[in-house]
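Q:
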Amino acid sequence: MTQPVRHEDKLTFDSAPHAGSTAVLKHPETTPVQISTELERLIYAIRDAVGEQNYQHWFHKRTRFEISGDRLIVRVPNPFILNWLLRRFRTALTNAAQLVLGPSASSQLEVDESLILEGASLPPASAEDLSTSTRPSAIDNNVKLRRDGGTGPLPSSGNRQPLPLAAMESDQPGSLSLPSNRRRFRCFDSFISGECNDLAVLASRQISATPGERYNPLFIYGGTGTGKTHLLEAIYTEVRRKHTSKNVMYLTCEAFTNYFTAALSSRTVPSFRQRFRNVDVLLIDNIEFLDNKRATQEEFLHTITQLIDHGGQVVISSDRHPRLLTKHREELTTRFMSGLVCRIESPDEATRHKLARSLTAGMKAIFADDALEYIVRRCRRNTRELQGALNQLEGQFSLNGRRITLSVAREVLGEMADECRRLVRISDVEKVVCETFGVTAADLRSPSRRKAIALPRAIAMFMSRRMTKSAYREIGMYFGGRDHSTVVAAERKVADWVTKGEAVGLPTSCTGRTIAELIDELENRLQTLAC
1 MTQPVRHEDK LTFDSAPHAG STAVLKHPET TPVQISTELE RLIYAIRDAV
51 GEQNYQHWFH KRTRFEISGD RLIVRVPNPF ILNWLLRRFR TALTNAAQLV
101 LGPSASSQLE VDESLILEGA SLPPASAEDL STSTRPSAID NNVKLRRDGG
151 TGPLPSSGNR QPLPLAAMES DQPGSLSLPS NRRRFRCFDS FISGECNDLA
201 VLASRQISAT PGERYNPLFI YGGTGTGKTH LLEAIYTEVR RKHTSKNVMY
251 LTCEAFTNYF TAALSSRTVP SFRQRFRNVD VLLIDNIEFL DNKRATQEEF
301 LHTITQLIDH GGQVVISSDR HPRLLTKHRE ELTTRFMSGL VCRIESPDEA
351 TRHKLARSLT AGMKAIFADD ALEYIVRRCR RNTRELQGAL NQLEGQFSLN
401 GRRITLSVAR EVLGEMADEC RRLVRISDVE KVVCETFGVT AADLRSPSRR
451 KAIALPRAIA MFMSRRMTKS AYREIGMYFG GRDHSTVVAA ERKVADWVTK
501 GEAVGLPTSC TGRTIAELID ELENRLQTLA C
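Counting from 1, one number per residue, gives the positions in the sequence shown under this note's numbering.
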C-alpha cells in the first residue's frame with residue numbers, strides 16, 4: 001500500500017517509492033529540507049523549474065500531483081487552467097519529471113472536477129479523496145472479490161459523535177491515517193440561488209430544519225458544476241449546527257463503494273453495516289457511480305431503506321434523473337423517486353451575474369462592467385466554468401497588473417473555451433445517446449425508421465451538430481452513410497420539438513421527460529466527458 005505524503009496542505013501519494021532513496025533539495029525560500037519520497041522530490045523540482053512565484057499562483061492549492069510509472073500527472077480543477085498550464089509550463093513540467101523520474105519520463109495534465117475551487121484555494125483532501133487514490137476507480141461487483149487482506153476493518157460506529165466520514169480515523173493495520181485539518185464544508189449563506197435551483201434550495205433548507213420528517217429521500221440532480229455538492233455540504237453544516245446530537249455522514253458514492261468492497265475483502269461487513277445504518281442523516285454524492293455495480297446497489301438499497309424506515313434522512317445527488325440511471329436496479333431507482341426529485345438547471349443569466357459579483361468581490365483584480373458581462377454570457381454551462389474563467393483572468397491581472405477590460409477577457413478566454421468544446425467527438429455523442437435510450441450504435445446507423453430508433457438517431461445528429469460543429473455531410477456519413485439533407489432535417493425537427501416542449505414519448509427510462517430536458521442533460525454529460 002502506498003504511503004501518504006504531506007506537502008503544502010495537500011495529501012498525495014508516492015506511487016513508486018524507492019527503498020532507501022533520500023535526496024536533499026533546497027526550497028527556494030527556506031533552508032534545505034530533507035526529502036524522503038520521489039513525489040516530494042518531484043514537487044521541489046517543479047518549484048525550481050517554474051519559479052516560486054508561478055508555483056504559488058498556478059500550482060499551490062490549485063493542483064494535485066501524482067506519479068504513475070514514469071509519468072507525472074498534474075490534476076487541475078477546470079479546462080481553463082489546464083490550457084493555461086499546457087501553454088506556459090508543459091516543458092518545465094516535463095523537464096522536472098525527467099530530472100527526478102528519468103530521461104524517459106513525461107508529463108500529463110488532466111481535469112479533475114473534484115478539485116472545487118473555493119476562492120483561490122482548495123479544501124484539504126477528504127476521506128473520499130483518499131479512498132479513490134488508494135483503490136481502483138471502477139470496481140465490478142459482479143466479479144468475485146479476491147481477499148488479499150490489503151484493507152483493515154472499518155472504524156466502529158460506537159462513537160455517536162456527529163463526525164463526517166472525512167473525520168474517521170483508524171489504527172487498524174493497512175487503514176488510512178487522515179490529515180488533521182478536515183474538509184471545509186460550505187453553508188447555505190454562500191450558495192447563490194435563483195430560478196434555476198429554487199426548489200432544490202427550499203427542500204434542502206426544510207430537511208435541514210426537520211431531518212427525516214419530509215422529502216425522504218431527497219434526490220437532487222443536475223449537470224456538472226450546478227451546485228449539487230454545495231447543497232449537500234450545506235445540509236451537512238446546517239444539521240450539525242441545529243441538531244448537535246445527530247450523527248451526520250457525507251461521502252461520495254465512490255467512497256461508499258470502496259468502503260463496502262473493503263469490508264467484503266476483509267470480512268467485516270457487519271461493522272460496515274453498523275457504521276452506515278446507524279446514522280441520522282446520510283448524504284451521498286454522485287450516485288451515478290453505482291452504474292453496473294449490482295452488489296453495491298443491493299447493499300445501498302438495504303442501507304437507505306433501513307435508514308428511512310427508522311426515521312433517518314437520506315439525501316442523494318446525481319448527474320441525471322433517476323429514470324435515466326438505466327444501469328441501476330429498478331428497485332433502487334423507484335426508491336429514489338419515492339421522495340422528492342429536484343432538478344438543478346444550468347445557472348440562468350441572473351444567477352450567473354450574482355455569482356460573478358460574489359466571486360469578484362473577494363478578488364484583487366479590477367473587472368470592467370462590459371468584461372464581466374462578456375464572461376457571464378460566455379460561461380453558461382455551470383458555475384465551475386464561470387469560476388475558472390474569473391480565476392484565469394485574476395491570474396492575468398496578477399502577472400501584469402492590467403485592468404480586466406473586454407478586450408483582455410476576449411483574448412484570454414475566447415480561444416480556450418472554443419478548444420474545450422471542440423473536444424467532443426461524434427463517437428462521444430453516439431455513446432451517450434445509446435446509453436440513454438438503450439439502443440446500439442448499429443441501431444443508429446441502420447436503415448430502420450422505427451420511432452424507437454429514429455428518435456434517438458435524430459437527437460444524436462442534432463447533438464453532433466450542436467456539440468462538435470462537424471459538417472452535415474460528416475455527421476450523415478457517420479450515422480449510416482446518410483446525406484447532408486437528412487441531418488439538416490433531423491436538426492430542424494429536434495429544434496422544433498425543443499421549442500414546443502415535446503415529450504420523449506418512448507417506452508423507455510426517458511418516459512415523461514421533455515426533449516429539451518433530455519438534451520440539456522445529454523449536453524452536460526458530454527461536456528463532462530470532453531473536459
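Glycine is no exception: its CB is placed at the ideal position from the N, C-alpha and C atoms. Just so it is clear, the structure is predicted and the values come from calculations on it, not from any experiment.
In angstroms, rounded to a whole number, what distance separates the CA positions of ALA454 and LEU359?
A: Each residue's alpha carbon lies about 45 Å from the other.
Q: So, for ARG525: in the same chain, excluding its five sequence neighbours on each side, which residues have a beta-carbon less than 6 Å away from its beta-carbon?
A: Excluding sequence neighbours, ARG525 sits near VAL432.
Q: Which two residues bound the contiguous beta strand (DSSP E) that contains CYS342?
A: Element bounds for CYS342: 340-344.
Q: In three-state DSSP terms, what is ARG186?
A: Correct three-state label for ARG186: coil.
Q: Please classify THR244 as buried or exposed, where buried requires at least 16 neighbouring CB atoms within 10 angstroms.
A: By the 10 Å Cβ count, THR244 comes out exposed.
Q: With a Cβ-Cβ cutoff of 7 Å, do ASP285 and SER317 count as a contact?
A: Cβ atoms of ASP285 and SER317: closer than 7 Å.
Q: Can you tell me whether VAL483 is buried or exposed? The criterion is at least 16 other CB atoms within 10 Å of its CB, across all chains shown.
A: This sequence places Asp at residue 483; Val is not what is there. Exposed, by the Cβ-count rule.
Q: Near PRO322, what residues of its chain come up, given a Cβ to Cβ distance below 7 Å and the 5 sequence neighbours on each side ignored?
A: Cβ neighbours of PRO322 beyond the five flanking positions: PHE219, THR333, PHE336, MET337 and VAL341.
Q: Please state the DSSP three-state secondary structure of PHE367.
A: Residue state, collapsed to three classes: strand.
Q: For SER398, which residues of its own chain have a beta-carbon under 8 Å away from its beta-carbon, when the five flanking residues on both sides are left out?
A: Excluding positions up to five away in sequence, the list reads HIS57, LYS364 and ALA365.
Q: Quick one: residues in its chain with C-beta nearer than 8 Å to the C-beta of ARG465, no 5 flanking neighbours on either side, listed in chain order?
A: Answer for ARG465: TYR472, ILE475, VAL487 and GLU491, listed in chain order.
Q: Indicate whether the contact test is met: 3 or more Cβ pairs, each with one atom in the stretch 305-320 and one in the stretch 213-233, closer than 8 Å.
A: At 8 Å Cβ cutoff, the stretches touch.
Q: Excluding the 5 residues flanking GLU195 on each side, which residues of the same chain have their C-beta closer than 7 Å to its C-beta?
A: Excluding residues within five positions, the ones whose Cβ falls inside 7 Å are ASP348.
Q: For PHE219, write down the residues that DSSP places opposite it in a beta bridge.
A: For PHE219, which the question treats as bridged, DSSP gives the partners ILE316 and VAL341.
Q: In angstroms with no decimal places, state the Cα-to-Cα distance between GLU373 and ASP112.
A: Looking at the two C-alpha atoms, the distance is approximately 27 Å.
Q: Report, in whole angstroms, the separation of the C-beta atoms of PRO447 and GLY480, which I expect to be a contact under 8 Å.
A: Contact flag correct, Cβ pair sits at about 7 Å.
Q: Who does VAL111 pair with in a DSSP beta bridge?
A: VAL76, per the DSSP bridge assignment.
Q: Measure the alpha-carbon distance for GLU331 versus LEU301 and round it to whole angstroms.
A: Cα to Cα, the separation comes out at about 8 Å.
Q: Which same chain residues end up closer than 8 Å to GLN392 when comparing Cβ atoms and leaving out the 5 residues on each side of it in sequence?
A: Excluding sequence neighbours, GLN392 sits near PHE80, ILE81, TRP84, VAL412, LEU413 and MET416.
Q: Just tell me which of ILE308, MET249, GLN297 and THR257 has its CA closest to the CA of ARG275.
A: For the residues ILE308, MET249, GLN297 and THR257, the minimum Cα distance to ARG275 belongs to MET249.
Q: Based on the DSSP output, what are the partners of ILE404 in its beta bridges?
A: Answer is PHE367.
Q: Going by the DSSP bridge assignment, what does VAL281 pair with across the sheet?
A: VAL281 is bridged to VAL248 and GLN313.
Q: Identify, in the order they occur along the chain, each residue of the same chain with its Cβ nearer than 7 Å to the Cβ of PRO153, setting aside the five sequence neighbours on each side.
A: At PRO153, the pLDDT of 33 sits below 50, so the modelled position is not reliable and the matter cannot be decided from this model.
Q: Report back the beta-carbon spacing between GLY225 and THR383 to the nearest angstrom; my notes put them in contact at under 8 Å.
A: About 5 Å separates the two Cβ atoms, so the contact holds.
Q: Evaluate contact between the stretch 206-220 and the stretch 252-266, counting only Cβ atoms and requiring at least three cross-stretch pairs below 8 Å.
A: No: the two stretches stay apart, fewer than three of their Cβ pairs being nearer than 8 Å.
Q: Locate the alpha helix (DSSP H) running through GLU577, then write down its first and last residues.
A: Outside the modelled stretch of the chain, which goes from 1 to 531, sits residue 577, for which no answer is possible.
Q: Going by C-alpha distance, which of THR296, LYS242 and THR237 is nearest TYR259?
A: Looking at the Cα atoms, THR296 is the closest of the given residues.
Q: Restricting to Cα atoms, I'd like to know which of ARG380, LYS354 and ALA361 is closest to GLU394.
A: Checked all of ARG380, LYS354 and ALA361; the closest Cα to GLU394 is ALA361.
Q: Using only alpha-carbon positions, find the residue among GLU52, GLY51 and LEU42 that is nearest to ARG64.
A: Nearest C-alpha to ARG64: LEU42.
Q: Following the continuous alpha helix (DSSP H) through TYR533, name the residue where it begins and the one where it ends.
A: As displayed, the chain neither begins before 1 nor continues past 531, which places residue 533 out of reach and without an answer.
Q: Note down the Cα distance separating GLY69 from LEU307, rounded to an integer number of angstroms.
A: Their Cα atoms are separated by approximately 43 Å.
Q: According to DSSP, what are the bridge partners of ARG71?
A: ARG71 is bridged to SER68 and SER106.
Q: Taking just the CA atoms, how far does GLU238 sit from PHE188?
A: The alpha-carbon atoms of PHE188 and GLU238 are separated by roughly 8 Å.
Q: From LEU355 to SER104, what distance separates their C-alpha atoms?
A: Rounded to the nearest angstrom, the two C-alpha atoms are 45 Å apart.
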